[in-house]
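*Asks:* For reference, the structure I am asking about is given below.
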Amino acid sequence: MTQLTYDQIDQTILDSLNPPKKSYWGIVAILLLGVLIGAASWVYQIFVGIGVGGQNNPVAWGTYLINFVFWVGIAHSGTLISAILHLFRAGWRNPIARASETMTVFAVCIAGLFPFIHLGRVWMVHYMLPIPTQRLLWPNFVSPLMFDVIAISTYLIVSSLFWYTGLLPDLAVMRDRSTGTRHKIFKFLSLGWTGAHEQWRHYSRGYLFFAALATPLVISVHSVVSWDFALGITPGWHTTIFAPYFVAGAIHSGLAMVMILMIPLRKIFNYQKFITQDVLENVAKTIVFTGLIVGFAYVTEYFIAWYSQNIVEIESFRWRATGEYRWGFFIMVLFNTLFPMLFIFKKIRRTIPLLFGICLLVNVGMWFERFVIIVGGVAHGFSPHAWGLYAPTLVEYGIMLGSFCLFFFLFILFVKHLPSISMTEMKETIGKGALDHRA
Amino acid sequence: MGLFTNEDQVVCTVGALKKSVYQFHRVNSSFFSHKIMAALKLKKSVVGWFTLAGGVIGFFSGFFLAIYTSVQWNLIVGGKPIVAFVPFIIVGFEATILFAVFGNAIGLLTQARIPSYKWLKNYDPRCSGKHFGVLASCKPGQVDELKNFFQRQGGEIREFDDHRQAKPPSWQG
C-alpha cells in the first residue's frame, strides 16, 4: 500500500499540464478535421435544406434525435459521480469526478447542438425562447419539446457552475505555480481564492448545496427527455416506464464513457496511483447494476406489450425483434445487458483491456438502443400503410462524426490545460485516509 | 504567518493562539480540513439561505412564466386547459433548481467575498501546496515572541509587514 503525499498529488497532476508531444497535436489535428467535416455537413444542410438528411415520413426523427438523446445520456454520469456520490461520501469518486464533470459539460453542449441541427432553419431558434416579439407569439409550455428547452438549458448552466466551483481551488494552485501570462489568466480565473478558512466555510456548504440540487436535476432532465417520446401516442413510446428506463440507460452509458476516458488518461498521465484498479472496479460494479436495470426495462416493455393484449403494441415489439432493424435490437440487448454482466467476474473487472472493450460496446449498444426506440417507434406505427424504413445519409453521418470528434477534441484540450483530477479532493481524501491507494 | 505541514500542528497552534495575546486572523489550506474547522469552532455558513431564497423565487417564476406565456397566446393544445398546472410543474421544478443554484452561487460569492484579489495580500503560495498557513499579528515589540511561538509549534515563519491587510476583504473595501 502506498500513501500519497500532498506534494506527489500536486506534482503528478501538474505534470499532466506540461507542454505536449507532437503526437498530441497530431491527435488534436485529426479530431479537428472530424469537427470540420461535421461543421461543413451542417453548413451544407443549412444552405440546401433539411431534406439532405434521411428523415422523412414516417421516420421524421432520425440520427439527430438519436444523437441528442445519446449525448444527454452521456452527460448524466458526470453529475451522478460528482454530485450523488459526493452526497453519499463515496471516496472512490474523487479521482474521476473532475473528468466526469467535464464530460458532462461537453456532452450537454454537444447534445444541445442537435435540436438546432434538427430545426433545419436554425435562424428560427428564437421562436423557442420566451421573449416578447412583434408577432405576439409565445412558446407553449404544455409541449414536451419546451420542457426540453428549459431542462437542458438548466442542466447546462448548473453543470457548468458546478464544474467551475469544483475547479476554483485547483485554479488557485495553478496560479501559485505559474508565471507570466498563465499566472495572470489563472489569477483572474481563481477569483482571489486562497483557501482561507472563511472561504472554505462557505465553499463547503455551497458545494454541498450544488450537489444536492444537481441530484434531482439530473434525474428530472433525462425524465424530461424521455417524455419527448412517452407523451406521444406512438406505439413503443407511450409508456410510463420511460422516465426511469431512460435515466438508468443514461447512467449506464455515461459510466461506460467515463471508463473510456479514464483508462487512457490513467495510462498516459501515470494516474495509476489515483485512478486505482479499485476505482475502476467500483465503476464496473455500478455498470453491472445499471445494466440490470436496463435489462429489466427491456423485459418489462415486452411483458407490458403482452399483458396489455394491445395488438398494435404487440406488433410494434414483435417487429423490433424480428423486423428490418432486428440487428439493432440484438446489438442493444447483447451490448447493454449481457456483455456488462461479464463484470460480475472479478478477473474481467480487473483486466483493463476487457474493461475498456466492454465499455466501448456498452456505448455502441446504448446508441443502438436510441435507434431502436426512436426509429423503431415511428417506422412501424399504427397504420400499416404508413410503415416505412429509414437510413441516415452522408450528411447525417458527417454531423454524427463531427459530434464525436468535437467531444473528444474538447476533452483532449481540457486534459492538457486544466487539472483532470481534483488536487483538492485528492488531498482531502488522503487527509481522511478514505481511499485505498493500491496502484 | 506560521507554515505547517501537518493538520494536527495547525489545530494545536490555533488553540494556543486563541489563548495568547496575539491576534489570530486566519488559516489557509489547500483543502477543506474537518479537523481545522472543528478547532476554529465556526458558525454554520448562511449560504443555504441564499439557496433557499433562490429556490422560492425560481418556483414562482417558473409557474409565472408558463402561465403568463399561455395566457398571452391562449391556444388550446391537446384539449388541455390554457393554464394547465400539471405540465407547468416541470417548468416550475426546473426554474426552482436553476434559481436555487443562482442563489447558491450568489451566496457563495458574497459570503466567501470573492472575487477579490485582496485575499492575496499576506498570503503565501505554499498554502496551496503541502503547507497550512496560520496568520497572526502582534504589537511591534512582540514580533520575535510571535516567531518563537510559531517555531515552538513546529512551523516555518513567513513575515508580512502590513498586518492591517490581514483582514478579509469586504465589498465595501
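Protein sequence lines correspond, in order, to chains A and B. Quick note on numbering: the working numbering labels position 311 of the first sequence as 311, and the sequence is numbered without any gaps. Each number in the working numbering corresponds to the 1-based position in the second sequence with 1000 added. Heads up, the beta-carbon is just placed ideally off N, CA and C, and yes, glycines get one too.
Identify whether L1135/B lies in helix, strand or coil by the three-state DSSP scheme.
*Replies:* Taking the second sequence and counting its residues from 1, the one referred to as residue 1135/B is at position 135. If DSSP states are grouped into helix, strand and coil, L1135/B belongs with the strands.
*Asks:* Pop quiz: F1102/B and G1054/B are said to be a contact at Cβ under 8 Å. What is the actual Cβ separation, rounded to whole angstroms?
*Replies:* Within the second sequence, numbered from 1, the residue matching residue 1102/B stands at position 102. Within the second sequence, numbered from 1, the residue matching residue 1054/B stands at position 54. So it is a contact: roughly 5 Å between Cβ atoms.
*Asks:* Does the region 1127-1142 of chain B come into contact with the region 1021-1030 of chain B, if we say contact requires no fewer than three beta-carbon pairs (one atom in each stretch) closer than 8 Å?
*Replies:* Contact between the region 1127-1142 of chain B and the region 1021-1030 of chain B is present, because at least three Cβ pairs lie under 8 Å.
*Asks:* Taking CB distances under 8 Å as the criterion, tell me whether N55/A reaches chain B.
*Replies:* Taking the first residue of the first sequence as 1, we reach residue 55/A at position 55. It is worth fixing the name first, because residue 55/A is Gln in this sequence and not Asn. No, Q55/A does not count as interfacial toward chain B.
*Asks:* Considering just the uninterrupted stretch of the alpha helix (DSSP H) at G1054/B, what are its terminal residues?
*Replies:* In the second sequence, counting from the first residue as 1, residue 1054/B sits at position 54. Where G1054/B is concerned, the enclosing alpha helix (DSSP H) stretches over 1047-1072.
*Asks:* Given that I1036/B touches chain A, what residues does it touch there, using C-beta distances under 8 Å?
*Replies:* Taking the first residue of the second sequence as 1, we reach residue 1036/B at position 36. By Cβ distance, chain A contributes H197.
*Asks:* Under 8 Å, Cβ to Cβ, is there at least one residue of chain B near A230/A?
*Replies:* Sequence index remark: in the first sequence, residue 230/A carries index 230 (1-based). No, A230/A does not count as interfacial toward chain B.
*Asks:* Under 8 Å between C-beta atoms, does G78/A make it to chain B?
*Replies:* To locate residue 78/A, count along the first sequence from 1; it is residue 78. It does not: the Cβ of G78/A has no partner Cβ on chain B nearer than 8 Å.
*Asks:* By the DSSP assignment, the beta strand (DSSP E) with L261/A in it spans what residues?
*Replies:* The residue you call residue 261/A lines up with position 261 of the first sequence. Here L261/A belongs to no beta strand (DSSP E); instead the alpha helix (DSSP H) covers 242-268.
*Asks:* At a CB distance below 9 Å, what residues from the region 1040-1051 of chain B approach chain A? Give them in sequence order.
*Replies:* So the close ones are L1040, L1042, K1043, K1044, S1045, V1046, V1047, G1048, F1050, T1051.
*Asks:* Alpha carbon to alpha carbon, what distance is there between R175/A and T215/A?
*Replies:* Here residue 215/A refers to the residue found at position 215 when the first sequence is read from its first residue. Here residue 175/A refers to the residue found at position 175 when the first sequence is read from its first residue. Those two C-alpha atoms are separated by around 31 Å.
*Asks:* Excluding the 5 residues flanking L119/A on each side, which residues of the same chain have their C-beta closer than 7 Å to its C-beta?
*Replies:* Taking the first sequence and counting its residues from 1, the one referred to as residue 119/A is at position 119. For L119/A, where only same-chain residues beyond five positions count, the Cβ hits under 7 Å are V125.
*Asks:* Can you tell which of F1085/B, N1148/B, F1059/B, D1124/B has the C-alpha that lies nearest to the C-alpha of G1092/B?
*Replies:* Taking the first residue of the second sequence as 1, we reach residue 1092/B at position 92. Comparing Cα positions, the closest option is F1059/B.
*Asks:* Which chain B residues are close to T5/A, counting only those with a beta carbon under 9 Å from its beta carbon?
*Replies:* Here residue 5/A is taken as the residue at index 5 of the first sequence, counted from 1. Simply K1130.
*Asks:* Which of helix, strand or coil does DSSP assign to A196/A?
*Replies:* Counted from its first residue, the first sequence places residue 196/A at position 196. Strand.
*Asks:* Output needed for T1096/B: all residues of its chain with C-beta closer than 6 Å, excluding positions within five of it in sequence on either side, in chain order.
*Replies:* In the second sequence, residue 1096/B corresponds to position 96, counting from 1. G1055, G1058, F1059, listed in sequence order.
*Asks:* Which residues, in chain order, does the region 1075-1105 of chain B contribute to contact with chain A at a C-beta distance below 8 Å?
*Replies:* Under the 8 Å Cβ criterion, the region 1075-1105 of chain B contributes L1075, V1077, G1078, K1080, A1084, P1087, F1088, I1090, V1091, F1093, E1094, A1095, I1097, L1098, A1100, V1101, N1104, A1105.
*Asks:* How about N1074/B and I1067/B: do their beta carbons lie closer than 8 Å?
*Replies:* The count along the second sequence starts at 1 and reaches residue 1074/B at position 74. The count along the second sequence starts at 1 and reaches residue 1067/B at position 67. Going by C-beta atoms, N1074/B is not nearer than 8 Å to I1067/B.
*Asks:* Can you find a CB in chain A that lies within less than 8 Å of the CB of A1112/B?
*Replies:* The sequence position of residue 1112/B within the second sequence is 112, counting from 1. Interface residue, yes.
*Asks:* For the region 341-421 of chain A, list the alpha helix (DSSP H) runs that are entirely contained and at least 4 residues long, ordered along the chain.
*Replies:* Qualifying alpha helix (DSSP H) stretches, in chain order: 346-349, 352-379, 394-417.
*Asks:* May I have the straight-line CA-CA distance separating K467/A from S422/A, to the nearest angstrom?
*Replies:* Since the first and last residues shown for chain A are 1 and 439, residue 467/A lies out of range.
*Asks:* Am I right that S1116/B and G195/A are in contact with their C-beta atoms under 8 Å? What's the rounded C-beta distance?
*Replies:* Counting from one through the second sequence, the residue named residue 1116/B turns up at place 116. Counting from one through the first sequence, the residue named residue 195/A turns up at place 195. 14 Å between Cβ atoms; not a contact.
*Asks:* Mind checking whether A151/A and T104/A have CB atoms under 8 Å apart?
*Replies:* Walking along the first sequence from the start, residue 151/A turns up at place 151. Walking along the first sequence from the start, residue 104/A turns up at place 104. Not in contact: A151/A and T104/A (Cβ atoms no closer than 8 Å).
*Asks:* Could you spell out where the alpha helix (DSSP H) holding R320/A opens and where it closes?
*Replies:* Residue numbering aside, residue 320/A sits at position 320 when the first sequence is read from its first letter. It spans 311-322 - the alpha helix (DSSP H) in which R320/A sits, taken as one unbroken run.
*Asks:* Around the C-beta of E101/A, are 16 or more other C-beta atoms found within 10 angstroms, so that it is buried, or is it exposed?
*Replies:* Residue mapping note: residue 101/A aligns to position 101 of the first sequence, counting from 1. By the neighbour-count rule (16 or more Cβ atoms within 10 Å), E101/A is buried.
*Asks:* Decide if the region 272-282 of chain A is in contact with the region 326-334 of chain A; the criterion is three or more beta carbon pairs, one per stretch, under 8 Å apart.
*Replies:* Not touching, per the Cβ criterion.
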